[in-house]
Structure formats: structure tokens, C-alpha cells
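Order-wise, the sequence lines are chains A and B. Going by our numbering, the first sequence runs without a break in its numbering and finishes at 157. Going by our numbering, the second sequence runs without a break in its numbering and finishes at 400. Worksheet: the structure to be examined is printed underneath.
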Amino acid sequence: MSVFKDAKHLFVFAGLFVLAFLVFLVVRHYVVPKSFGEYGHYRGAAIGEIAARPIKFAGHQTCETCHSDVLDVKSKGKHAHVNCEACHGALEKHADDPSAVTPVLPDTTVLCARCHTASAAKPKGFPQVVPADHSGGLACNTCHKPHSPEMDAGGAK
Amino acid sequence: MNISRRQILILLPAAAVAWKSVLAGTPEASPNYNMTDHWWGMLIDIPKCIGCGNCVRACQTENDVPDGYFRTWVERYHVTDENMVSPEVISPDGGKEGFPVAAEDAGKYFFVPKMCNQCADSPCTQVCPVGATFVSPDGAVLVDQKYCLGCAYCVQACPYGCRYIHPEKRVADKCTLCYHRITKGLTTACCEACPTGARQLVDFKNPNDPIHEFLKTHSVQVLKPQMATGAKAYYYGLDGSVR
């Protein structure tokens, strides 16, 4: 066994190396999150965390479960494809507990103008008016029903 | 109570394991949602966009986007007769409060809503040094904000300028394609709020998705196709002057 004579210092280093590697493996096990690499080079649990964020817009399907009367009016008019929260704003809190949050009725002079103010930049087929000429400052819902905006003999509602 | 050294040696690791499982416990958000059944994207129908800014406001509300930062924004292009090559582009406050009225004049105008293109071969995820951003198995480009260092390599890498460093969290932030909504069976906040249907969520893996019919019968284009990003925001009616 003359080969290993005076080789103790080499074994000590080899042993230290193996020990350091084992320590690395143990530390790595605790430091790297469990789900890392589940789907790719990232923390798989992050997907669930992002999916768990709260929503603010309830979605028109939720609104329609209670407000079916509005849906009946709206689905027959020009605004059939405009979702409730496009005008009324995010109302998940109201859908969650109707008594907790009461939606504020939008001011039609501001709301309608956002889409329907005439501008050369807008698509030509889109209905547009110059509000001052069209109504002279009157609120849009004096004549139009926002949920079904075709002019109608009944006037405001 | 007397605890021997031996008991402590047994109890300590057990407590550590228990504590670890407490920390790891993340509530499963949508138990019936199967990632492998979906491949998400967006259809943007430019001729339908009226530049009202509803999408921008809805996105900021839904995702608590700080003022002055945008996960989606709207640009208005004006291609004039004098200069057909370089259009004038404006996007005041991201188009959040709409656009100034354009007087009737020559040239053509159109609005281009922009957002994360949810690239399948996304440059942003490839440069992340720590694996904090990734393409999910259902095709959404997401940021793991617990892992992100805020180095902003991804912000520089995105060819579409869709990322920013969140001013308070100091980590990368971007459009998640409302991942917390689409996994619950809802559409994105921008699509929900769009009054003209100019934005539509698309599930490329679901043959019953009504948008498939539109894609079959119309020519669509992506932004910067030469970058080969595998962008999944499909534009209908996209003008060649859009950058």
C-alpha cells in the first residue's frame, strides 16, 4: 500500500469536498421552493398565487342573474353588446353584497360623451354627435334611454 | 413539563416540517380549472376601437395599476397625406381619458390598443436571471413577484414596451391577461369594459370559442412579426404604419 503512504492530506481534502457537497445539497433542498421546476424554470406555486388575486369587475353574467329586467330592455337595443360594467364601473363588491355598495348612477352628459362625441378619428360608422349642437347641454337621458338608446316617444326613463 | 434532550431532538425537526407546510399553503383558486386545456390570447379589432379609454381605466381598477403606469394603453395614429410613412402617434395618459377631438381633415386616423402580447417565445422571460417570469402552461406571461429582484432586464427585453417596474413594490409588473379572472371563467377586465367589442379574449385550444370563427374568416396580424416572438395578441385591420 505504498501508493497511499503519506496521502492522508488528500483524503482529508476529499472528505471535506464530499462534506461541502452534502451541505450544499441540504441547503439547496431548503432554499429552493418545493414547486420550483414543477412546470419549468420557475416557481409553480406562483401560478396559483396570481390566480387567487381578487376580482373587481363582477362580469355581466353575474349582473344579469339579478338584473334580468335590464337585460330584457338592453338586449333589444343598440347597446345589447355593451356590458353593464362598461358604464357602471367595477361592481364585484356590489354583486358580493348588494346592500354594502350601492352603485352611483352615472352622469349621462359625461358618460355618453366619452364614446359618442364626434371626432374625425373615430370609425365612420360609429354614431357620433357634437354634444353642444345635438342637445345644447341637456343630459342625454332627457330623450334617450341609456339601456336602449333609440329615440322613443316615451322620452326619459 | 420536562423535555429530555432526545425529545427536543425529535420535536424540533417535526416542528420545522410543520411550519414549512404552513408557509407553503397556498389556496387553490379555481379547482375546476385545468391549465393544459387552454392556450390564451387576445383579438384586437382595430376598426371597432373608438378610443374611449374604457379598457385602460378598467385595467387600472382591476389590477391596481399605479397612476402613470400602464398594463394596457391606446395609441391614436394619424397618417397624413403629406407623410404617409411616419404617422403622428399620440397617447395622452395612455388614452385613459380618451383623446382630443380630431377636426375633419385629410389623412386617416385609427386607434391601436396595446398590451402584453402574451408571446409564446417571449424575449422577456428568456432574459430573467432568476426564473421570476415565465410563460404559464396555458400561455399567459406572468411575473412571480416574490421571486423578482427588480433588475429590469425583462423591461428592456420586451419589444413592445409592455413591462414596468412597480414604483412601490420595486418588482417587474405587467399585464397578466387577467389571469385571476380567466381561470375563473370570466373574461379580462379590458374586454369586459370594452363597449364595442374591439377586444376579445381568445382561447386557441377551445374549438367552441366563438372567436375561432372570426379568425378563420379574417386576416389577422401580430405586432413586429419579424421579431418572431410568437405573439398571441392578434390584430385585425392593422395598418402597416403601426410600430
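Quick reminder that beta carbons are idealized off the backbone N, C-alpha and C, glycines included. Since the structure is predicted, the reported quantities are computational estimates derived from the model, not experimental observations.
- Interface with chain A (8 Å Cβ-Cβ cutoff): Glu370 (chain B) is excluded.
- Interface annotation, Val231 (chain B): not in contact with chain A, CB-CB separation never under 8 Å.
- For Ile207 (chain B), there is no enclosing beta strand (DSSP E), as DSSP marks it with neither H nor E.
- The segment 265-272 of chain B and the segment 12-27 of chain A do not touch, with fewer than 3 CB-CB distances between them shorter than 8 Å.
- Taking one beta carbon from each stretch, the segment 207-214 of chain B and the segment 117-136 of chain A have 3 or more pairs nearer than 8 Å; the two touch.
- In terms of beta-carbon proximity, Asn83 (chain A) lines the interface with chain B, with at least one pair separated by less than 8 Å.
- At a C-beta separation below 8 Å, Lys56 (chain A) has these neighbours in chain B: Thr218, Glu219, Ala346.
- Using a CB distance cut-off of 8 Å, Asn240 (chain B) does not count as an interface residue toward chain A.
- A direct Cα-Cα distance of roughly 10 Å separates Cys212 (chain B) from Thr345 (chain B).
- Your pair Glu219 (chain B) and Ala90 (chain A) checks out as a contact, with CB atoms roughly 7 Å apart and the cut at 8 Å.
- Taking a Cβ-Cβ threshold of 7 Å, the residues of chain A close to Asn211 (chain B) are Ala86, in chain order.
- In the structure shown, Val236 (chain B) adopts extended strand secondary structure according to DSSP, grouped into three states.
- Residue-level contact by beta carbon holds for Lys205 (chain B) and chain A, with a gap shorter than 8 Å.
- The alpha-carbon separation between Pro103 (chain A) and Ala80 (chain A) amounts to approximately 21 Å.
- For Ser279 (chain B), the secondary structure class from DSSP, reduced to helix, strand or coil, is coil.
- Val298 (chain B) is positioned such that its CB atom lies closer than 8 Å to that of Gln275 (chain B).
- Residue environment for Tyr30 (chain A): exposed (fewer than 16 other C-beta atoms within 10 angstroms of its C-beta).
- Of all residues in the segment 116-131 of chain A, only Thr117, Ala118, Ser119, Ala120, Ala121, Lys122, Pro123, Phe126 place a beta-carbon less than 8 Å from a beta-carbon of chain B.
- At least one CB atom of chain A sits nearer than 8 Å to the CB of Cys351 (chain B).
- No residue range can be given for Thr333 (chain B), since it is assigned to no alpha helix (DSSP H) and is classified by DSSP as neither H nor E.
- With contact defined as three or more Cβ pairs closer than 8 Å, the segment 280-295 of chain B and the segment 236-243 of chain B are not in contact.
- Within the DSSP secondary-structure output, Arg28 (chain A) pairs in no beta bridge.
- Arg320 (chain B) is outside the set of residues whose beta carbon lies under 8 Å from a beta carbon in chain A.
- The continuous alpha helix (DSSP H) containing Thr109 (chain A) extends over residues 108-116.
- Within chain A, the residues whose beta carbon sits less than 7 Å from that of Glu261 (chain B) are Ala120, listed in sequence order.
- Neighbours of Arg53 (chain A) in chain B, taken as residues whose beta carbon is under 7 Å from its own, are His337 in chain order.
- Residues of the segment 16-30 of chain A with a C-beta atom less than 9 Å from some C-beta of chain B are Tyr30, listed in chain order.
- Here Gln164 (chain B) carries a helix assignment [DSSP, helix/strand/coil].
- In this structure, DSSP gives Lys326 (chain B) a state outside helix and strand, which the three-state scheme calls coil.
- Excluding five sequence positions before and after Asp194 (chain B), the CB atoms of its chain that fall closer than 7 Å to its own CB belong to Lys362, given in chain order.
- Three or more beta-carbon pairs separated by less than 8 Å are not found between the segment 350-366 of chain B and the segment 242-261 of chain B, which leaves the two stretches without contact.
- Relative to Lys341 (chain B), the option among A:Ile55, A:His41, A:Lys145 whose CA is nearest is A:Ile55.
- DSSP places Thr62 (chain A) in no beta strand (DSSP E) but in the uninterrupted alpha helix (DSSP H) bounded by 60-66.
- Taking each of B:Tyr226, B:Gly264, B:Glu261 in turn and checking the Cα distance to Ser248 (chain B), the smallest one comes out for B:Tyr226.
- Selection B:Ala329, B:His337, B:Val236, B:Cys281 evaluated against Asp262 (chain B) yields B:Val236 as nearest (Cα-Cα).
- Ser243 (chain B) sits in coil when the DSSP states are folded into three classes, being neither helix nor strand.
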